[in-house]
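In terms of my numbering, the sequence shown is residues 8 to 146.
The beta-carbon is built from N, C-alpha and C at its ideal position, and this holds for glycine as well.
Take a look at the structure set out below.
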Amino acid sequence: MARRQVSELMTEQEAAEFLGVPSVALSSWRKKGLLKAKQIQGQRGVYYDRETLQRIKQVAQKLAKLGVPSAVSAVVHKKIPVRWMTQLLGISRQRIYQLVPGSLTFENALSLLEKRVKANPELNRIYRALKELHQSGQM
8 MARRQVSELM TEQEAAEFLG VPSVALSSWR KKGLLKAKQI QGQRGVYYDR ETLQRIKQVA
68 QKLAKLGVPS AVSAVVHKKI PVRWMTQLLG ISRQRIYQLV PGSLTFENAL SLLEKRVKAN
128 PELNRIYRAL KELHQSGQM
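Shown next as structure tokens:
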């Protein structure tokens, strides 16, 4: 294998350390089809694309600055943690599921926040930041 190609890939352990998540999380996401990995003939294990991991990390860092817990997982799943939304909006988990059909995708989270931003400047800041991430195609 060419040296350049190897430097563009990370082992599962390297990828886990880079993202700050357990390697079992990467394995789970890979098995669910949420994160692509490559197998290299003659090599053991799986390898992840460094550029993809860098994009995930950059978006996760932006989400973490907004206070989103498990930001890497949120990026990979393309969903906002319900427990964070309950704390942010001051409503119950049950109420969120009544207001949002299905899962709490970024679109659904934006819809919930949009209805409440006028009364709360902090929500407005978070809403604008999430909307920018979504419109830029990062989420």
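According to DSSP, what are the bridge partners of residue 92?
Looking at the DSSP assignment, residue 92 forms no beta bridge with any residue, so it has no partner.
Check this for me: beta carbons of residue 119 and residue 92, under 8 Å apart or not?
yes
Tell me, please, which residues DSSP counts as bridged to residue 125.
Its beta-bridge partners do not exist; DSSP assigns none.
Do you know whose CA, among 80, 97, 113, lies nearest residue 143's CA?
113
Cβ of residue 89 within 8 Å of Cβ of residue 111?
yes
Determine which residues share a DSSP beta bridge with residue 16 and list them.
56
Return the CA-CA distance between residue 105 and residue 46, expressed in angstroms with no decimal places.
Roughly 43 Å separates the two Cα atoms.
Could you give the residue range of the alpha helix (DSSP H) that holds residue 87?
Boundaries for residue 87: no alpha helix (DSSP H) harbours it, and the DSSP string shows neither H nor E there.
To which residues of the same chain is residue 122 closer than 6 Å at the C-beta, ignoring the five residues directly before and after it?
none
In whole angstroms, what is the alpha-carbon distance linking residue 82 and residue 63?
6 Å
Is the distance from the Cβ of residue 115 to the Cβ of residue 124 below 8 Å?
In this structure, residue 124 does not lie closer than 8 Å to residue 115 by Cβ.
Which residues share a DSSP beta bridge with residue 45?
54
For residue 77, I'd like the list of residues in its chain whose CB is within less than 7 Å of its CB, leaving aside the five on either flank, ordered along the chain.
88
When burial is assigned at 16 or more other CB atoms within 10 Å of the CB, is residue 23 buried or exposed?
buried
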